[in-house]
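Under the numbering used here, the first residue of the sequence shown carries the number 2, and numbering increases by one thereafter.
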Amino acid sequence: MAKPPKLKTLSMLLCVPVLGVAVAVALAGCGGDTPSNAIKDAQMSAEMIAFNTQQDAWREQRRSGLLAPDGWASLTGLHWIGPGSHYLGSDTDNGIQLTVGPEHMGMLELDGEALRFVPEKGLALTLDGEPLAGATALRADDDPAGPSELGFDDGKGVATVIKRGERYALRVRHADAPTRTGFSGLDYWPADPDWQIDGAFVANPPGQTMEVANIIGTFEQVSNPGAIEFEREGVTYRIEALDEGGGELFLVFADRTSGHGSYGAGRFLYVPRPDADGRVTVDFNHAYNPPCAFTAFATCPLPPLENRLDLAITAGEKAYGH
């Protein structure tokens, strides 16, 4: 699942000099009457400045990623591909009708697990960024090399094949998607350091997986290396973590705000892998909406039953208001 870019850690941001701290320390060192609590207040102010700077930067990168030409807000279609041949384009005489794009783009063929595309003669298309001259095989997103990218409309449009369960679909993006051009902005609960919670990683047996349903009604077995336990107001909560193979763990959860302030089908959150002592920081300020909150053409995973928390997490991204 695509995610917002990583940012510098809070400890790195705290290395930026803050004038209030410097002045307070200088006064104390010169024998002035500045009490120790004034230095503490200045240090606290510096920490809050660094915290808010980090949160603002994360939110801006989150927005930029969502609105990138290939971001989730650019989706214009999700077309399931049945066996056989299908004409592709925006004209009504096509078996797969695009919302935006050339009237006649070519023919897409599915034979078992083999996908083949034959372009319309005289139409300028690209395949993985290079001019497409003739018929070609297409990779789906389950291929180790990733899906083939079929470009059209001078690069503003891109079509890729995804596989969900045993089914294939054509996912189409376009820079002129109404969900991108008409984007109404993101809304958040106020950033709060109190929602940066220290948790403990509890490992599952090696190789354990979890069956995760998605919004289109299919299921996928996902690596489930362990769970994160944390306390809030004296109560212990547990979230099963998923491993997508990257440098972080992926959390898909719902809570008491789901449908009551946050997106009804839950939210996503990436957290660092645990340290040598099994500790991990969960920053709920970085909880964010899945792509399905912005488009009908995504196939988002849903929170497992184990990750539906009896807790109102009033932090992170609120429901999209468009």
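Glycine included, each C-beta is placed from N, C-alpha and C at the ideal position. Being a predicted model, the structure only gives us computed values, none of them experimental.
When C-beta atoms of the segment 69-83 are compared with those of the segment 47-60, fewer than three pairs fall below 8 Å, so the two segments do not count as touching. Taking a cut-off of 8 Å for Cβ pairs, the segment 87-106 and the segment 187-205 do not touch, as fewer than three such pairs fall below it. Less than 9 Å separates the beta-carbon of E110 from that of S86. Beta-bridge pairing by DSSP links S86 to E110.
Ranked by how close their Cα comes to the Cα of L252, the residues I163, A242, T258, H261 have A242 in first place.
With 16 or more other CB atoms across the displayed protein chains lying within 10 angstroms of its CB, T161 is buried.
A distance below 8 Å between beta-carbons, with the five flanking residues on each side excluded, links N225 to the following residues of its chain, in chain order: N205, Q209, T210, M211, E241, A242, L243, D244. By the C-beta criterion, the segment 182-199 is judged not to be in contact with the segment 150-165, since fewer than 3 inter-stretch pairs fall below 8 Å.
In the DSSP assignment, R181 falls within the unbroken alpha helix (DSSP H) covering 179-182. Apart from the 5 residues on each side of it in sequence, G262 sits with its Cβ closer than 7 Å to the Cβ of K319, A320 in its chain, given in chain order. K122 is bridged by DSSP to nothing; it lacks a bridge partner.
DSSP places T237 within a strand segment (E or B) once states are collapsed to three. For V236 and Y271, the gap between their C-alpha atoms comes out near 22 Å. Separation of E121 and D142 (C-alpha to C-alpha, rounded to the nearest whole angstrom) is 24 Å. In this structure, DSSP gives A69 a state outside helix and strand, which the three-state scheme calls coil. Per DSSP, the unbroken beta strand (DSSP E) holding I198 starts and ends at 197-204.
Taking 9 Å as the cut-off, the beta carbon of I198 is found no closer than this to the beta carbon of E234.
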